[in-house]
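*Asks:* Under numbering that gives the first Met the number 0, the first residue of the sequence shown carries the number 0, and numbering increases by one thereafter. One structure is given below, represented as structure tokens, and several questions about it will come after.
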Amino acid sequence: MGFFDDQMYFSQEQRVCDGGATEASEDVYDFGVASPNVAKGEPITLLFTVDEVFAGTATTLTITLQSSSDNAVADPYADIAGITTGAIAKATLVAGYNFTLTLPAFAVYERYLRVMYTGDNTFETTGKISCRQALNYQTNKAPGA
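Right under this line is the structure:
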């Protein structure tokens, strides 16, 4: 399962892409200092859980981690290269579906992190997702599987 803390959430049952093709996570993570060596040798896993099935006109959802040195409009968030799910088929996004993104060990990030949800159109009716950092997340998958 893993250890969870409310301060480790980016999204808690957040409705995504219901008003447009993109939606930023409701919460950001503030490391408290600029350019921290976040992982300190251990990768960080972000666990996503689909809380409500996605329905509407889109066919895929892509999730990307973004960073910024300042949590303000003056310094916009930018995608972190290589930390994305790629396009996930809407048919996969059923309630209870879990998937992860991993931040590499020894990586250096900007002070603020957020998650960006991008649909290939607009999810007009339903679709909620939660995202949180998961320490010691157990998948019951063999290494390399």
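Note that CB positions come from ideal geometry on N, CA and C, so glycine has one too.
CA-CA distance, Ser24 and Glu109?
*Replies:* In the sequence shown, the residue the question calls residue 24 occupies position 25. In the sequence shown, the residue the question calls residue 109 occupies position 110. When rounded, the distance between both Cα atoms is 17 Å.
*Asks:* Using the Cα positions of Ile82 and Leu100, report the straight-line distance between them to the nearest angstrom.
*Replies:* Position 83 of the sequence shown holds residue 82. Position 101 of the sequence shown holds residue 100. One Cα belongs to Ile82, the other to Leu100, and the distance between them is close to 7 Å.
*Asks:* Kindly list the residues whose CB is nearer than 6 Å to the CB of Asp74, restricted to its own chain and excluding five residues on each side of it in sequence; keep chain order.
*Replies:* Residue numbering aside, residue 74 sits at position 75 when the sequence shown is read from its first letter. Closer than 6 Å at Cβ, skipping near neighbours: Ser67 and Ser68.
*Asks:* What is the rounded straight-line gap between the Cα of Ala38 and the Cα of Asp78?
*Replies:* The count along the sequence shown starts at 1 and reaches residue 38 at position 39. The count along the sequence shown starts at 1 and reaches residue 78 at position 79. Model confidence at Ala38 stands at a pLDDT of 48, short of 50, so the residue's coordinates are unreliable and nothing is read from them.
*Asks:* Taking the alpha-carbon positions, what's the Ala20 to Thr61 distance?
*Replies:* Here residue 20 is taken as the residue at index 21 of the sequence shown, counted from 1. Here residue 61 is taken as the residue at index 62 of the sequence shown, counted from 1. Approximately 10 Å, taken between the alpha carbons.
*Asks:* In the DSSP assignment, find the beta strand (DSSP E) that holds Asp69 and state where it starts and stops.
*Replies:* As a working note, residue 69 is residue 70 in the sequence shown. For Asp69, there is no enclosing beta strand (DSSP E), as DSSP marks it with neither H nor E.
*Asks:* What does Arg113 pair with, by DSSP beta-bridge criteria?
*Replies:* As a working note, residue 113 is residue 114 in the sequence shown. Answer is Gln65.
*Asks:* According to DSSP, what are the bridge partners of Asn120?
*Replies:* To locate residue 120, count along the sequence shown from 1; it is residue 121. Its beta-bridge partners do not exist; DSSP assigns none.
*Asks:* Output the distance between the C-alpha atoms of Gly118 and Asn70, rounded to the nearest integer angstrom.
*Replies:* Walking along the sequence shown from the start, residue 118 turns up at place 119. Walking along the sequence shown from the start, residue 70 turns up at place 71. Rounded to the nearest angstrom, the two C-alpha atoms are 23 Å apart.
*Asks:* Between which two residues does the beta strand (DSSP E) holding Leu100 run?
*Replies:* On the sequence shown, residue 100 is found 101 positions in, with the first residue counted as 1. Run containing Leu100: Asn97 to Leu102, per the beta strand (DSSP E) assignment.
*Asks:* In chain order, what residues of the same chain have a beta carbon less than 7 Å from the beta carbon of Asp50, not counting five sequence neighbours either side?
*Replies:* Position 51 of the sequence shown, counting from 1, holds the residue named residue 50. Here the set comprises Glu12, Ala94, Lys127, Ile128 and Ser129.
*Asks:* Can you name, in chain order, every residue of its own chain whose Cβ lies under 8 Å from the Cβ of Ala57, other than the five neighbours on each side?
*Replies:* Numbered from its first residue, the sequence shown carries residue 57 at position 58. Counting only Cβ-Cβ distances below 8 Å, and skipping sequence neighbours, we find Cys16, Ala20, Lys89, Gly118, Asp119, Asn120, Thr121 and Phe122.
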